[in-house]
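There are 2 protein chains.
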Amino acid sequence: MLRMSSSRDGYHHGSLARALEDAAMQLLATRSAHEISLREVARAANVSHNAPYHHFTDRLGLLRAIAERSMRDLIARVETAIESAGTPSLALRAGTNAYISFAIEHPHAFDAVYDPTVCIPGAPTETMAPLIDALETALFTVASGVGLDTEADANAVWGLVHGLGMLAAAGHLTPEQARASCESALDRMLAEG
Amino acid sequence: MLRMSSSRDGYHHGSLARALEDAAMQLLATRSAHEISLREVARAANVSHNAPYHHFTDRLGLLRAIAERSMRDLIARVETAIESAGTPSLALRAGTNAYISFAIEHPHAFDAVYDPTVCIPGAPTETMAPLIDALETALFTVASGVGLDTEADANAVWGLVHGLGMLAAAGHLTPEQARASCESALDRMLAEG
DNA sequence: GCTCCTATCTTGACAGCGTCAACTCATCTG
DNA sequence: CAGATGAGTTGACGCTGTCAAGATAGGAGC
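Heads up: the protein sequence lines correspond to chains R and G, in order.
Residue 113 in our numbering sits at position 113 of the first sequence, with consecutive numbering throughout.
Residues are numbered in our numbering as their position in the second sequence, beginning at 1, plus a constant of 193.
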């Protein structure tokens, strides 16, 4: 039988894959994904520099794993924001705000998700593909709820929050500016329903 | 006297800085800025791996230089698009379209410009600061021309084109989808002036 | 015209990186 | 109990960014 918990069992056992992802996610809080070295992650998990290769094909394999985790976090955040809103209009506000907030609070996780060298949209990982769909669906649904029901409109909402989130994360806009811009743009777009 | 042209003069002379930037820009057409090595650029310019240090403080110094060049290209593209449009409304369409097109056609140059490790918006280079201002001003002006005259509205336009450009550059949207979304969003925002 | 200075380009070295290969060891299977 | 297997190890390779020191060419001062 495999021991399933605690990665501290001396030699073998323990879920090292998970431990490595955890360590990488922690590093992602300060550095960008490109600035994180595999050896550094291994060191943080107290294993040799080659141990990760038994759990990930590549450095990129690990980055893909944390990108997928980050994507799940982003989706969860957007979906719970939407679900806990009372009206369709409030749901759109809450969902877009959650997207922007995630980008600001976890900038490196955010752009790991959208890094084309980590995840190629044209040929995404088996686990990433449905996640992308889920995010698009969530945004599309909440936009449809207030009359923004064409593909173009839904994509515009996505583009708006994505751009404002990135600009705020990079420091070109303050979080307040980004959120206010989003509100204002949605107000204008919905002016005549 | 300094010889000003031709970097092919054997040992000394020639504008190596320019030649290195040219080589880096060329590499930027295929690889991301993070994937370009200083030694590789030096090799492309036929100099030793340490020659660049006499013209740039760092690897980052070279990246900053090509980011500034890319920013100038982006601004030029947006401004000429705006200027060659007949009406304020067409100018907004042309300017936003140019921004999105640049992101799609030069994705690596585009995100070198906005890479926070290359240019920190809070503390930009002496040469980058006015460029950022120029871009913001261009967008702000063209947005004001059609009644989007608040800071929030102008930032929304910036966020919209930035996000759509990034999503299209990454492959999450087709160029056509991005452009159509932009048009559609602007139409909605201007529906009741 | 000779010497010196300085900017520029050179070679050489170092640690850190990703990755391949070979080895060790604990556990599961028969 | 034997051996296979999966999970960890050490060692090596070439590449990278950067520091240090040597070489060289052209201009300045005498």
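Built from N, CA and C at the ideal position, the CB exists for glycine as well.
All figures in this text were calculated on a predicted structure; none of them were measured in a lab.
Practice item. Please compile the residues from chain G whose C-beta is within a distance smaller than 9 Å of the C-beta of V161/R. Key: By Cβ distance, chain G contributes G352 and G356.
Practice item. Select from I104/R, S70/R and M25/R the residue whose C-alpha is nearest the C-alpha of T127/R. Key: Ranking I104/R, S70/R and M25/R by CA distance to the CA of T127/R puts S70/R first.
Check your understanding: Can you tell which of G86/R, S89/R, T87/R and A33/R has its C-alpha closest to the C-alpha of L62/R?
Key -> A33/R
**Study point:** Alpha-carbon to alpha-carbon, S208/G and M197/G
**Key:** Reliability of the predicted coordinates at M197/G is poor, the pLDDT of 37 falling under 50, and no value is obtained from them.
Exercise for review: Can you tell me which of the three DSSP states L52/R falls into?
Suggested key: Leu is not the amino acid found at residue 52/R; the sequence shown has Pro there. Note: P52/R maps to helix in three-state DSSP.
Point to revise | Unbroken stretches of the alpha helix (DSSP H), 4 residues or longer, contained in the region 71-135 of chain R | key: 88-105 and 107-113
**Study point:** Interface residues of chain R facing T310/G [CB-CB closer than 7 Å]
**Key:** S32
Review point. Helix or strand or just coil, what does DSSP make of L341/G?
Key: coil
Review point. Is there a Cβ from chain G that is less than 8 Å from the Cβ of R64/R?
Key: no
Review point. Among the residues of its own chain, which have a CB less than 8 Å from the CB of H242/G, if the five just before and after it don't count?
Key: Excluding its 5 nearest sequence neighbours in each direction, H242/G has C-beta neighbours in its own chain below 8 Å: L231, R232, A235 and R236, listed in chain order.
Check your understanding: What in chain G is Cβ-close to S181/R, meaning under 7 Å?
Key -> A345, N348, A349 and G352
Practice item. Answer with yes or no whether the minimum CB distance from Q219/G to chain R is below 8 Å. Key: no
Review point. Can you find a C-beta in chain R that's less than 8 Å from the C-beta of S377/G?
Key: yes
Exercise for review: Output the distance between the C-alpha atoms of A191/R and A185/R, rounded to the nearest integer angstrom.
Suggested key: 10 Å
Check your understanding: With C-beta atoms as the reference, is Q177/R less than 8 Å away from N290/G?
Key -> no
Practice item. Report the rounded CA-to-CA distance for D58/R versus T174/R, giving the unit in angstroms. Key: 36 Å
Practice item. Counting only the same chain and skipping the five closest in sequence on each side, list residues whose C-beta sits under 7 Å from that of F295/G. Key: Closer than 7 Å at the Cβ level, and outside the excluded window around F295/G, lie L267, R270 and F303.
Point to revise | Selection from D346/G, A373/G and M359/G that minimises the alpha carbon distance to C182/R | key: Selected option, being the one with the closest Cα: D346/G.
Review point. How about L213/G and H162/R: are their beta carbons less than 8 Å apart?
Key: no
Practice item. Taking C-beta pairs closer than 7 Å, name the residues in chain R that H365/G reaches, listed in chain order. Key: P121
Review point. To the nearest angstrom, how far is it from the Cα of G171/R to the Cα of A45/R?
Key: Here the alpha carbons of A45/R and G171/R stand approximately 32 Å from one another.
Point to revise | Exposure of P107/R, with buried meaning 16 or more beta-carbon neighbours within 10 Å | key: buried
Check your understanding: Within 8 Å (strictly less), CB to CB, does R270/G reach chain R?
Key -> no
Check your understanding: If you run the structure through DSSP and keep just helix, strand and coil, what is S181/R?
Key -> Here S181/R sits in helix by DSSP.
Check your understanding: Got a sec: is the Cβ-Cβ distance from Q370/G to anything in chain R below 8 Å?
Key -> By this cut-off, Q370/G is an interface position.
Check your understanding: Mind pulling the chain G residues with CB within less than 7 Å of L167/R?
Key -> W351, G352 and H355
Review point. Any idea what DSSP makes of D58/R, helix, strand or coil?
Key: coil
Review point. Looking at C-alpha atoms only, which residue of A85/R, T30/R, L92/R and I66/R is the closest neighbour of V142/R?
Key: L92/R
Review point. Are the C-beta of Y307/G and some C-beta of chain R separated by less than 8 Å?
Key: yes
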